[in-house]
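Asks:
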DNA sequence: GTGGTCTAGACCACG
DNA sequence: GTGGTCTAGACCACA
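Residue numbers (our numbering), protein chains in the order written: chain F, 34 to 154; chain R, 34 to 154; chain A, 34 to 154; chain X, 34 to 154.
Following this line, the structure appears as structure tokens:
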């Protein structure tokens, strides 16, 4: 379910956070469903338990997950909504990159085409 | 000409590189024009000389500037072209963010609108 | 009679202990009255029997209940007095919090007012 | 400046967080003043660097501190105000404890006296 | 079994 | 020098 690239420059715990977020958005992880345990993930991903824990703390901080000591870690009730709101803010990043592409001489049509491709998937 | 935010998460030397690149693309820095000296930048930006040097090394590595020992650092002849080619690669980033926005429920029209705005500036 | 929040940060067994204590102080649980059985509580509260047992052991340790093997668990004769003495120790906590409030700039009158409200209920 | 009780039941990193908070409120730690480095604290307090780091992350999360990689960790501009607002919420705790004290038979005067003592320090 | 905390020590990027 | 990340393992309270 999860895949880690230990050689990536993006921290392992952040890779985990991103994957959980994407699974929440796609509906693969539903509210109140339980995440694999820290130890389980640690073994199957060959990642130190501390690093898994760090990812969970981050997800908790973002309100996407709640962990119950002794029981496990669960997807928050309105995780998807919380996430959707946060993601809207990324429009700024898209605008910034589009601005750079324009400066670099990339034609507008090429950008629009790619957007269309994304939304037709 | 250059502005540094020492509190930013993005490294100081990277901020410098990005600004030089953007000035090359906008034509503000023309081929063979001279960059301010390391010492000069170090003082005016309140940045450690090592950090300035690191930015220049990076720009050199990317083929955007060339250093003449004892004289200074100059914009490369075909810096703009080099940069334009490299920037095309950022299309991948744009596609990635667009994919996230789609997942988050941002309507396609909203994305297209923003692209249009960027290209109409 | 008892209510458990399984998501709370405070352990389930502690929630149980606190509620029994409060019922003893309010007189709702009188000396020698019988507590519901472990099995009963386990079912009605959807709590693991081990957890119920742990709460009872803790109450016993504090001298608030006594268990009669084969019969059940009963409120101790002088439970209320025992509890009252113990609770006096919480004055320290109140002082600590009041100290923090003072540091945070909460005016003395506001604190006193709240104390008055509590005691006028 | 900081003191840790390794035997306390409250986590070491939380003890640190609390002490930094109190020093911010008392004005001992002023905005933009630098905290001792992670390694420094680690040695002087005989606490693992990871634990120090955890405290700093928590302080950052609360907006009381900002850390600049490679430079150090500093008190946030409006740390005191942020903290004061948060602390006001603790009035609820004080009311809860006062309620318990009342139930336990502690006379009102005794509570008020203690409040007076705190505010006269 | 679970999550939470902690130690001991390593490597990295950055200034 | 600094903070940030990570591994390898331990102990605890809790269910």
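C-beta: ideal position from N, C-alpha, C; glycine also. These numbers were taken from a predicted model, which means no experiment stands behind them.
#1: At least one CB of chain F closer than 8 Å to the CB of residue 82 of chain A: is that the case?
#2: CB residue 148 of chain X to CB residue 150 of chain A, shorter than 8 Å?
#3: Any C-beta of chain X sitting closer than 8 Å to the C-beta of residue 117 of chain A?
#4: Could you please give me the residues that DSSP links to residue 100 of chain R through a beta bridge?
#5: With distances taken Cα to Cα, identify the nearest neighbour of residue 52 of chain A among X:133, X:45, X:116.
#6: CA-CA distance, residue 49 of chain F and residue 61 of chain F?
#7: Helix, strand or coil: which one does DSSP assign to residue 67 of chain X?
#8: If the criterion is Cβ atoms closer than 8 Å, does the pair residue 56 of chain A and residue 88 of chain A meet it?
#9: Below 6 Å CB to CB, which residues in the same chain sit around residue 36 of chain R once its five sequence neighbours on both sides are set aside?
#10: I'd like to know if residue 61 of chain X contacts chain A, where contact means its C-beta is closer than 8 Å to some C-beta of that chain.
#11: Label residue 58 of chain F either buried or exposed according to how many other C-beta atoms from any shown protein chain fall within 10 Å of its C-beta, with 16 as the threshold for buried.
#12: Residues of chain R with a CB under 7 Å from the CB of residue 94 of chain F: which are they?
#13: Quick one: give me the first and last residue of the alpha helix (DSSP H) that residue 52 of chain X is part of.
#14: Is there a Cβ from chain A that is less than 8 Å from the Cβ of residue 87 of chain X?
#15: Could you compute how far the alpha carbon of residue 101 of chain R sits from the alpha carbon of residue 67 of chain R?
#16: Count the CB pairs spanning the stretch 110 to 121 of chain R and the stretch 101 to 113 of chain F that are closer than 8 Å, and state whether there are at least three.
#17: State the start and end residues of the unbroken alpha helix (DSSP H) segment that holds residue 34 of chain X.
#18: Check distances from the C-beta atoms of the stretch 35 to 60 of chain X to those of chain A and list, in chain order, the residues that come in under 8 Å.
#19: Between R:124, R:135, R:136, R:131, which lies nearest to residue 138 of chain F when the distance is taken from Cα to Cα?
#20: Rounded to a whole number of angstroms, what is the C-alpha to C-alpha distance between residue 71 of chain X and residue 86 of chain F?
#21: May I have the straight-line CA-CA distance separating residue 128 of chain F from residue 135 of chain F, to the nearest angstrom?
#22: Which residues in the same chain have their Cβ closer than 8 Å to the Cβ of residue 38 of chain A, if we skip the five residues on either side of it in sequence?
#23: What residues from chain R crowd round residue 101 of chain X, counting only those whose CB sits closer than 8 Å?
#24: Using alpha carbons as the reference points, say which of R:116, R:99, R:80 lies closest to residue 54 of chain R.
#25: Within 8 Å of any Cβ in chain R, is that where the Cβ of residue 68 of chain F sits?
#26: Considering residue 151 of chain F, what are the terminal residues of the alpha helix (DSSP H) in which it resides?
#27: Of all the CB atoms in chain F, is at least one closer than 8 Å to the CB of residue 111 of chain R?
#28: Using the C-alpha atoms, what's the distance from residue 82 of chain R back to residue 75 of chain R?
#29: Per DSSP, what kind of secondary structure is residue 131 of chain F in: helix, strand or coil?
#30: Does the beta-carbon of residue 154 of chain A have 16 or more other beta-carbons within 10 angstroms, so that it is buried, or is it exposed?
#31: How about residue 65 of chain F and residue 130 of chain F: are their beta carbons less than 8 Å apart?
#32: Could you check which residue in F:104, F:105, F:141, F:122 has the C-alpha nearest to that of residue 121 of chain R?
#33: Compile a chain-ordered list of the residues in the stretch 119 to 138 of chain X whose CB is closer than 7 Å to at least one CB of chain A.
#34: Please state the DSSP three-state secondary structure of residue 39 of chain F.
#35: Determine the burial state of residue 159 of chain A: buried for a count of at least 16 other Cβ atoms within 10 Å of its Cβ, exposed for fewer.
#36: Could you pull the start and end residues of the alpha helix (DSSP H) that residue 83 of chain A belongs to?
Replies: On the basis of the coordinates in this document:
#1: no
#2: no
#3: So yes, residue 117 of chain A belongs to the interface.
#4: R:106
#5: X:133
#6: 15 Å
#7: strand
#8: no
#9: none
#10: Closer than 8 Å: no.
#11: Buried, by the Cβ-count rule.
#12: Those within 7 Å of residue 94 of chain F in chain R number zero; the least Cβ separation is about 17 Å.
#13: 45 to 59
#14: Chain A contact via Cβ: absent.
#15: 10 Å
#16: The stretch 110 to 121 of chain R is not in contact with the stretch 101 to 113 of chain F.
#17: First-last for residue 34 of chain X: undefined, no H or E at that position.
#18: 55, 58, 59
#19: Selected option, being the one with the closest Cα: R:124.
#20: The straight-line gap from Cα to Cα measures roughly 21 Å.
#21: 10 Å
#22: 48
#23: 39, 40
#24: R:116
#25: no
#26: According to the DSSP assignment, residue 151 of chain F belongs to the alpha helix (DSSP H) that extends over 141 to 153.
#27: No, no contact with chain F.
#28: 5 Å
#29: helix
#30: Per the 10 Å Cβ criterion, exposed.
#31: Taking a C-beta distance under 8 Å as the contact criterion, residue 65 of chain F and residue 130 of chain F do not qualify as a contact pair.
#32: F:141
#33: 120, 121, 123, 124, 126, 127, 128, 130, 131, 132, 133, 134, 135, 136, 137, 138
#34: coil
#35: In this structure chain A extends from 34 to 154, so residue 159 of chain A is not present and cannot be described.
#36: 82 to 94
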